C-alpha cells in the first residue's frame, strides 16, 4: 500500500568536533541577531562565552531564561525585544525547548494577524518567519532539523504544536563538545524522547515501506546501544555522537515519509506536562507501554516486527512477541532511571483522565492515533494500565 | 573516531502515485522552461504527453536526444538553445543521464569563464546555476536528490564528475507510474548502480558511525530483496517503490555523513565506459568483486561486517566471511543478469589496464580509494582478477 509523500528538509547540519568555532561562517553578513537561550546552563559550561565571543563581530541582542516546555508568556517578551531591536536573524543556543521557542519567536515577530498564540491555537498561517540558526546543546527533540515546535501557555495550561516549512532552521551546529557537561537526567530524557519519536512514526500498521521501517529500527537499535553506553559512560563521546545523530534523524522527516504515524503518546503526554509539569520524555515513557498494551490488537503486526527486529525476539506467537517487546522497552527506559508507572508521580488517576478527556473535547478532538484508534474513553483505560 | 561533516540537501522529493499530475504546482510562476529528455522512451511510455500537456500553460522549449553517459558535445547544443531562448528553469525528464546532463546545462548557460568543460576538467567554480526540477524515470543514480553529475566528452574519451550545491534539484518527482514500462536491463543496472553507490560509502574501514552503517546496510538489504523482487516481477509496484526510494537514499548524502568513502570502483568503471561504452552499472559490477578481493586486508573489518549484517554470514574467520560476502554479492549481480567478469566484454586486458593507468597519470592521480589504498599498479591486478 503505497502512501504518497513529500520529503523536504533544507536545514544544514554542521556536525562534529569544534564546530561552534565556525559559527561566523554560517551567520549571514549584516545580521542583527537575537541570541536566545535557556536557564543558564550555557553560562556554566562555557558555551555562552564561546558564542558571544564570536557574536561580538555582529550586532546582537540576547534573551535568556527560556524554560523547559517554553511558554508563550516568556517568549512574547523575546518577541517584544526582537521587534524593538529590528532583529533579522535568531540564534538559538540550547536544547529542544530553546529551539522550539526560537521557532515561535521567529514566526511571531512578523505576525500581523492578531495574537501570535493563534499560530498554535487556530493554525493561523505563518507567512513569514525570521531565519533561525541553532547550536544544539542536548540530543533529544530533533527540533534542530525539523519544522515543528511545541509551545505551552502557562495561563491556560495548554501545550500545543505548530508545523511550518518556514520554521526549518537554516543551519544547526551539532558540536559534540556540548556532550561533556550534560546531567544524567537530561541524557536519559533525550534518549527516551528520541526513541518515542521513532516509535510514533513506526508502531502503527505495516504498509510495506521496507526501507523506512529499517531506518526506524536502525535508529531504535542505535539509541538502545549507544544511548545506554553514553548514559553509563559519558566520557565516550563516540557513543554520544551516535546518540546525537540518531536523535536528529529520528524526527527530520525521513522515517515518516510514506508511512502512517501515531502521535497519540505525545498528545496524552503533552497534557500531563501541561497539567503537572512532568518532564516531557517521562510522560511519554509512562504512556507508551500502557497504550501499546491497550491497543495491542490494532498494532500487533508492527509490535511483533519491532520485537523481532529491534530486540531479537524470535520465539512465540505474534502476541507473545509484542508483549515481550513492550516489556523490553519498559526495562530499557527503567535502566535509564526513567519510570514507566504513572503512580510514581503525585497525581490523581481519576481526575487526570477526566481532565485530559475534557481538554480534548474542548479542542474538538474525538480520537487520536493512526486511524483514530485511541478513542477518548480509552484514555481512562490507558492511564489506569499505566498507573502500576 | 569522529569525523566532522556537513549534511545539507534542499531537494524536495515528491513521491508516490500520480505525482506527475501535480507538476505545475512545483514550477515557478513565469517560468521559461527548457525541457530536457533522452532518446525517446518517454514518447513511447506516455510520460512526454503527460508532461507537455501540463507545460502548455508555460513558455517552454524542448531538447531531446541526451544519450546515456551524456556528452559535452550534445549538451552544449542544449546550452546554446537555452541561451538563445533565455530560459530560467530546466525540467529534466529521464534517468540519471538526463538529470546529470541538466545539471551541466544549468551550470554552463550562465558560465562566463570560457569553456564550460572547465567545470569538470579544471574544477572551475559554479557561481550561478539555473534552477532544475526533475521527473525521474528510472531508479538508479540518485542524481535526482544530490549535487553531483558525471559528464563524458566523446572527443577525448573522458568521463568526469563535478559537485556543487548549486546543482541540487529544487524538486524531484518520483512517480511510481514510470516503473510500469522499464526494460529489465535498465532495472538491473539501476539496482546494481544504487547498490555500489552504497558500498562505495561503506566498504572502507570502521569509524564507529553506527547509525550511518546501519542505514547503509538497510539500503543494501532492501535493494537485494525488493530490487530482486521488482526485477523478477515488475508488476509489484510496492517493490518498485521500495527500490526507487532506496536508490535515492543511497546517494543523497546521509550515509556518507561522517564516514570515509572509497569511490575507486567508480573511478575505474568510468574509464571502462569512456573507453568501450560499457553500461555504467556493468563496469562497476565487474570491478567490485576483484577490487575487494585485491584489497581484502585493508577492507577486512567492513567486509566482514557487511557479510554478517547484510548477508547473515555468521560462521568463519573475518577473512572467510569477507570472501563469502563478496561471492554472495557476485551471485546477486549475476541473478540480475549482470556479468561480473571483464572477459565477457570484447576488450583487451593488457591494453585496457595500461590505458587506464596512463589516463590517471595524465590527470595527476597516483592513488584512489580511501586513504589512497588503490595504487595505479594495483589496477592491472584488479583487472586481471576481474577477467575470469
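Protein chains in written order, with my numbering: chain B, 1 to 388; chain R, 1 to 388.
Think of the CB as a built atom: it goes at the ideal place given N, C-alpha and C, for glycine as much as any other residue.
Fair warning: this is a prediction, and the values are worked out from it, not measured in the lab.
- Rounded to the nearest angstrom, the Cβ distance from residue 379 of chain B to residue 268 of chain B is 6 Å, consistent with a contact under 8 Å.
- Annotation for residue 199 of chain B: the continuous alpha helix (DSSP H) segment containing it runs 184-200.
- By the criterion of a C-beta distance shorter than 7 Å, residue 124 of chain B is surrounded in its chain by 113 and 118, once the five residues flanking it on both sides are discounted.
- In terms of Cα proximity to residue 337 of chain B, the closest of B:262, B:231, B:164 and B:100 is B:231.
- Residue 48 of chain R is outside the set of residues whose beta carbon lies under 7 Å from a beta carbon in chain B.
- Scanning chain R for C-beta atoms nearer than 7 Å to the C-beta of residue 10 of chain B yields 10, reported in chain order.
- Judged by DSSP in its simplified three-state form, residue 289 of chain R adopts helix.
- Here residue 143 of chain B really is in contact with residue 99 of chain B; their C-beta atoms are around 4 Å apart, less than 8 Å.
- About 19 Å separates the CB atoms of residue 105 of chain B and residue 138 of chain B; that is not less than 8 Å, and the two are not in contact.
- Interface with chain R (7 Å Cβ-Cβ cutoff): residue 15 of chain B is included.
- For residue 9 of chain B, the uninterrupted beta strand (DSSP E) run begins and ends at 5-16, by DSSP.
- With respect to residue 172 of chain B, residue 13 of chain B sits close: the two C-beta atoms are nearer than 7 Å.
- Annotation: the continuous beta strand (DSSP E) that includes residue 134 of chain R extends over 132-136.
- Fully enclosed beta strand (DSSP E) runs of no fewer than 3 residues occupy 59-63 of the segment 35-65 of chain R, in order along the chain.
- Residue pairing by DSSP places residue 277 of chain B opposite no residue, since no beta bridge is assigned to it.
- Secondary structure note for residue 150 of chain B: its beta strand (DSSP E) is the uninterrupted segment 148-153.
- Residues 142, 146 and 197 of the same chain have their beta carbon placed closer than 6 Å to that of residue 251 of chain R, with the five preceding and five following residues left out of the count.
- Per DSSP, the unbroken alpha helix (DSSP H) holding residue 108 of chain B starts and ends at 96-108.
- Counting C-beta pairs closer than 8 Å gives fewer than three between the segment 215-233 of chain B and the segment 281-292 of chain B, which falls short of the contact rule.
- Contact residues of the segment 170-191 of chain B toward chain R are 171 and 176 (C-beta to C-beta distance below 9 Å).
- According to DSSP, residue 172 of chain B shares a beta bridge with B:13 and B:134.
- Taking a 10 Å sphere around the C-beta of residue 315 of chain R, we find fewer than 16 other C-beta atoms and assign the residue as exposed.
- In the three-state scheme derived from DSSP, where H, G and I count as helix and E and B as strand, residue 33 of chain R is classed as strand.
- Neighbours of residue 222 of chain R in chain B, taken as residues whose beta carbon is under 7 Å from its own, are 210, 211 and 214 in chain order.
- Along the segment 128-151 of chain R, there is no position whose C-beta sits under 8 Å from a C-beta of chain B.
- Annotated three-state conformation of residue 210 of chain B is helix, per DSSP.
- Between the alpha carbons of residue 356 of chain R and residue 204 of chain B lies a distance of about 53 Å.
- Pairwise C-beta distances place the segment 52-67 of chain R in contact with the segment 77-84 of chain R, as three or more of them are shorter than 8 Å.
- Nearest to residue 386 of chain B by C-alpha distance, out of B:55, B:3 and B:326, is B:326.
- For residue 71 of chain R, the beta-bridge partners assigned by DSSP are R:152.
- Using a CB distance below 7 Å, no part of the segment 342-366 of chain B faces chain R.
- Within the same chain, 332 come within 7 Å of residue 224 of chain B by CB-CB distance, once the 5 residues on both sides are set aside.
- When 7 Å is used as the limit between beta carbons, residue 249 of chain R is near these residues of chain B: 211, in chain order.
- Between residue 107 of chain B and residue 129 of chain B, the C-beta spacing is below 7 Å.
- The beta carbons of residue 19 of chain R and residue 193 of chain R sit about 23 Å from each other, so the pair does not count as a contact at 8 Å.
- Looking from the CA of residue 9 of chain R, the closest CA among R:218, R:164 and R:247 belongs to R:164.
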